[in-house]
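Protein chains in written order, with numbering that gives the first Met the number 0: chain A, 0 to 356; chain B, 0 to 356.
Please read the structure below before turning to the comments.
Protein chains: 2
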Amino acid sequence: MWCRTLDLDRGGHLTASIRDVAGRAGVSVGTVSNVLNRPDVVSEATRTRVLDAIAALGFVRNESARQLRAGSSRTVGLVVLDIANPFFTDVARGVEDVVNAAGLALVLCNSDDRPEKEAAHLGLLAEQRVHGVLITPTAELTPQLDTLRDRGIPVVLVDRRAPGPDQCAVAADDVLGGRLAAEHLLERGHRRIAFVGGHAALPQVQERHAGVASAVREVPDAELTVLSPGELSVAGGREAAARVIGLPAARRPTAAVCANDLLALGVLQEMVRHGVRVPAEFAIVGYDDIDFAAAAAVPLSSVRKPRQELGRRAAELLLDEGREGHRHEQPVFEPVLVVRESSMVRRDVAADREGAA
Amino acid sequence: MWCRTLDLDRGGHLTASIRDVAGRAGVSVGTVSNVLNRPDVVSEATRTRVLDAIAALGFVRNESARQLRAGSSRTVGLVVLDIANPFFTDVARGVEDVVNAAGLALVLCNSDDRPEKEAAHLGLLAEQRVHGVLITPTAELTPQLDTLRDRGIPVVLVDRRAPGPDQCAVAADDVLGGRLAAEHLLERGHRRIAFVGGHAALPQVQERHAGVASAVREVPDAELTVLSPGELSVAGGREAAARVIGLPAARRPTAAVCANDLLALGVLQEMVRHGVRVPAEFAIVGYDDIDFAAAAAVPLSSVRKPRQELGRRAAELLLDEGREGHRHEQPVFEPVLVVRESSMVRRDVAADREGAA
DNA sequence: CACCTTCCATGAAACGATTCACACGCGGTG
DNA sequence: CACCGCGTGTGAATCGTTTCATGGAAGGTG
């Protein structure tokens with residue numbers, strides 16, 4: 000009978016290996032492995048004997064060893080631009096559902112929209128030989144992504160269009176989204192419209208801007224003011240709103256389309272703080288339709304993207320990349336405008352009130 | 000000279016190992032490892048030769064192999080109750096700062112306040128032999144945590160008091176927090192106060208409740224109504240507010256302390272929707288002071304906890320557990336009440352208005 | 001009885017990095 | 001000249017799991 004005293008690791012703690020289990024159950028390590036991975040090829044009797052030993056020793060499979068052998072890990076990486084933005088946590092939840100169902104784990108990484116942090120995270124994921132990477136990249140598409148693909152690690156872009164047909168990407172039609180938001184405001188009679196963008200290099204922002212701009216161009220007497228605060232956050236929105244308020248009344252926009260809901264919430268907050276009534280004196284449309292948009296005390300109109308679905312679809316494509324005969328897909332979701340109170344008032348009505356005040 | 004053609008993995012992709020590097024540089028594997036881990040013991044000449052080979056082959060260290068040898072991974076797990084709650088993403092950011100600075104990676108897991116998911120995540124983290132686990136546990140403290148500790152994996156509780164002195168935990172004084180919120184409302188003249196709790200089993204909720212209750216008891220004519228919606232979310236808040244509105248005017252509370260800001264935002268939203276003015280007719284105090292609390296158009300009063308600091312401190316304690324002579328600590332942060340518009344009006348004034356309406 | 005399946009279990013060979021005892025060469029010292 | 005020490009480099013052993021060729025026993029068939 001095989002016999003060895005249980006190893007104690009550095010700290011003096013018990014760590015049973017598959018060999019300890021085998022010893023205790025009186026079988027070979029191969030058999031223990033079989034119990035773990037293909038229980039059907041092991042006879043009932045030995046199986047229970049092994050399972051008992053596992054329970055008795057508190058054995059836990061060493062994933063590193065398993066991965067080393069398998070060549071790739073049972074983990075998927077998701078790199079997002081801003082983990083504090085509920086849009087991305089919703090995406091993450093969608094990813095998690097699919098990935099967990101496939102028996103994989105999710106490593107959530109936050110790049111903070113900074114290429115260095117992005118690069119560091121991708122490096123770690125590469126070292127971990129992750130099963131795949133989902134990423135909403137910073138403005139520039141780093142060549143690291145191609146390197147990952149060359150190494151056989153599938154990469155799927157999330158909320159970003161692919162530069163070519165040789166990869167998977169899940170995106171939303173942001174030009175359309177921008178257009179929907181702008182047309183809505185134009186229909187309500189607004190003629191001076193602001194686009195609150197921030198960090199102009201991000202394609203998502205550029206596309207939303209393009210959609211807004213093209214809708215505004217189609218209305219002869221309409222004009223567009225572009226604001227680019229430092230970051231795509233609530234603070235950025237406040238900053239932009241303060242600048243709007245500082246404009247001379249004749250040139251001041253009467254409505255804004257914001258590149259995301261955080262910006263929109265910031266704008267809303269600053270307007271209210273300065274006694275500007277929303278939507279009566281200033282209408283706001285956000286983007287993404289995060290839950291907090293509806294929860295704001297002046298509920299925000301917003302361009303809704305299927306946040307969880309975006310994550311789910313991206314994860315499904317990622318898993319499919321491993322399969323034989325995979326064909327790259329680049330689904331584009333159509334956004335929908337959700338109208339709430341923050342843009343409910345017609346501009347002509349608003350103008351009347353303004354005149355009365 | 001050592002010679003082998005580069006391996007192609009299953010998919011036909013290049014994957015250089017340390018042996019390939021050694022072969023290309025004309026040195027032994029041990030030397031390559033030394034270049035990677037203790038560059039100082041290798042002579043300038045060989046070092047550059049090896050580094051060139053690494054660059055030429057696009058070699059990336061295989062973390063699994065490294066971990067297998069080392070016995071534990073360079074990863075820390077963080078398990079939170081609700082990744083959609085910005086409180087936890089802020090905590091995560093604090094953790095990330097410390098953990099990254101120490102050269103470790105963070106795996107963020109979401110238990111959704113469900114013990115099964117929590118257990119599954121802890122299982123995976125154990126298999127990965129993570130360096131440590133930070134967790135805001137569900138109501139019951141699962142024995143799995145002790146098992147992890149027995150295996151030598153340090154565990155630190157986050158936003159939760161430890162049941163005994165033999166572990167680290169980072170918490171906030173939630174009884175005090177509840178008391179601060181209630182006293183504030185009582186001072187403003189409110190006498191019928193609601194506590195919006197939800198999932199009563201969570202100690203955090205119980206403590207906040209206890210604080211509120213004890214403050215209310217100290218004022219002779221004050222009374223407390225407890226509401227427990229299904230979940231600690233915006234939807235839960237709306238549910239609770241609807242119930243408040245349904246109460247007969249004589250018994251209806253004039254203010255609420257909510258167990259977190261999501262609930263508070265939901266209450267706010269529902270009140271506004273029903274034309275109840277906040278704070279004139281109904282005052283609200285939230286808990287956690289997430290960024291969205293200040294960003295709400297009726298900015299929310301809230302009990303502030305140092306969210307990032309909580310995460311940072313927890314991560315520091317976790318890293319310290321590995322060191323010789325570590326002593327368990329259980330710091331408790333003092334929360335601070337941040338008064339904003341949602342609770343700004345004195346009740347006597349509010350009563351006047353009500354009478355006038 | 002010989003032969004063939006079927007069913008189970010075995011044990012050695014990977015996987016890739018780290019570590020450590022050892023060896024080599026060279027300059028300095030007694 | 002013998003010896004020592006120092007600076008470098010070597011290569012085998014090791015971590016724990018999976019896989020696969022092999023072997024043996026039991027049962028069925030001609």
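Just so you know, even glycine gets a beta-carbon here, dropped at the ideal spot from N, CA and C.
Predicted model only: the values in this text are computed from it and were never measured.
Residue i, DSSP secondary structure in three states
i	result
D288/A	coil
I384/B	An answer regarding residue 384/B cannot be provided, because it is not within the stretch 0 to 356 covered by chain B.
V155/B	strand
G229/B	coil
T88/A	helix
E333/A	coil
L107/A	strand
G274/B	coil
V204/B	helix
R312/B	helix
E222/A	strand
G10/A	Summary for G10/A: the model assigns pLDDT 44, below 50, so the residue's position carries little reliability, and this model does not support an answer.
7 Å Cβ shell around residue i - same chain, five flanking residues per side excluded
i	result
V297/B	L267, V277, E340 and S341
C2/A	Reliability of the predicted coordinates at C2/A is poor, the pLDDT of 38 falling under 50, and the value obtained from them is presented with this limitation in mind. G22, listed in sequence order.
R207/A	D173, G176, G177, A258 and Y286
R237/B	G265, Q268 and E269
A234/B	G265
M0/B	Note that M0/B has pLDDT 37, beneath the 50 cutoff, so the model's placement of it is unreliable and the number below is only indicative. Same-chain partners within the cutoff: G25.
V218/A	L185
S72/A	Q66, Q127, R128, V129 and H130
Sequence-distant residues of the same chain with beta carbon closer than 8 Å to residue i, five excluded per side
i	result
R251/A	R191, V243 and I244
E333/A	A171, D172 and L175
Rounded separation between residue i and residue j - CA only
i	j	result
V302/A	G188/B	42 Å
L133/A	V154/A	6 Å
A294/A	L184/B	23 Å
A256/B	S227/B	Note on residue identity: the sequence assigns Val, not Ala, to residue 256/B. The alpha-carbon atoms of V256/B and S227/B are separated by roughly 12 Å.
L201/B	V129/A	35 Å
L261/B	F291/B	9 Å
P85/B	C108/A	16 Å
L123/A	A104/B	8 Å
A119/A	V98/A	23 Å
G75/B	V275/A	The amino acid occupying residue 75/B in the given sequence is Val; Gly does not appear at that position. Rounded to whole angstroms, V75/B to V275/A spans 47 Å at the Cα level.
D220/A	A199/A	26 Å
M343/A	V106/B	43 Å
A350/A	V225/A	Confidence at A350/A is low in this model, with a pLDDT of 48, below 50, so its placement is unreliable and no value can be given for it.
A212/A	V195/A	12 Å
A125/B	R148/B	10 Å
E308/A	P136/B	28 Å
Beta-carbon proximity list for residue i, same chain, < 6 Å, skipping 5 on both sides
i	result
R178/B	G210 and A214
T30/B	none
A52/A	V20, R23 and A24
V78/A	C108, S110, H120 and I134
L7/A	Bear in mind that the predicted position of L7/A carries a pLDDT of just 43, short of 50, making it unreliable; the figure below should be weighed with that in mind. Nothing meets the Cβ criterion.
I289/B	P85, F86 and D260
Nearest residue (CA-CA) to residue i, options the options
i	options	result
L140/B	L156/B, G151/B and R150/B	L156/B
G163/B	E323/B, R46/B and D145/B	D145/B
E280/B	D39/B, A240/B, V49/B and A64/B	A240/B
E222/A	A248/A, A193/A and T137/A	A193/A
L317/B	A54/B, Q166/B, E43/B and R18/B	Q166/B
A180/B	K304/B, P142/B and R150/B	K304/B
G151/A	K116/A, G70/A, G196/A and R216/A	G70/A
Q203/B	L246/B, A138/B, E43/B and L56/B	A138/B
E328/B	L336/B, G102/B, A314/B and V337/B	A314/B
L231/A	R113/A, V338/A and A254/A	R113/A
heavy atom of the ligand NAP below 8 Å from residue i C-beta
i	result
A171/A	Because no ligand of any kind appears in the structure shown, any question about the ligand NAP cannot be addressed here.
- Going along the segment 95 to 124 of chain A in order, which residues come within less than 7 Å of chain B, judged by CB to CB distance? E95, A104, V106, L107, N109 and L123
- Query: Which residues, in chain order, does the segment 76 to 92 of chain B contribute to contact with chain A at a C-beta distance below 8 Å?
  - Reply: Cβ contacts with chain A come from I82, A83, P85, T88, D89, A91 and R92.
- Interface positions of the segment 278 to 292 of chain B facing chain A (Cβ-Cβ less than 7 Å), listed along the chain: D290 and F291
- Task: Name, going along the chain, the residues of the segment 49 to 66 of chain B whose beta-carbon falls closer than 9 Å to a beta-carbon of chain A.
- Result: G57, V59, R60, N61, E62, S63, A64, R65 and Q66
- Task: Taking only beta carbons into account, state which residues of the segment 126 to 148 of chain B come closer than 7 Å to chain A, listed in chain order.
- Result: Going along the segment 126 to 148 of chain B in chain order, one finds E126, Q127, R128 and T146 with a Cβ nearer than 7 Å to chain A.
- Mind checking the segment 225 to 254 of chain A against chain B and listing, in chain order, the residues whose C-beta falls within less than 7 Å of any C-beta there? V233
- Contact set between the segment 150 to 167 of chain A and chain B, restricted to residues whose Cβ is under 9 Å from the partner: R150, G151 and I152
- Message: Short of 9 Å Cβ to Cβ, which residues in the segment 261 to 272 of chain B face chain A?
- Response: Taking a C-beta cut-off of 9 Å against chain A, the contacting residues of the segment 261 to 272 of chain B are L261, L264, G265, L267, Q268, M270, V271 and R272, listed in chain order.
- Could you please tell me which residues of the segment 292 to 310 of chain B, in chain order, have their CB closer than 8 Å to any CB of chain A? A293, A294, A295, A296, V297 and P298
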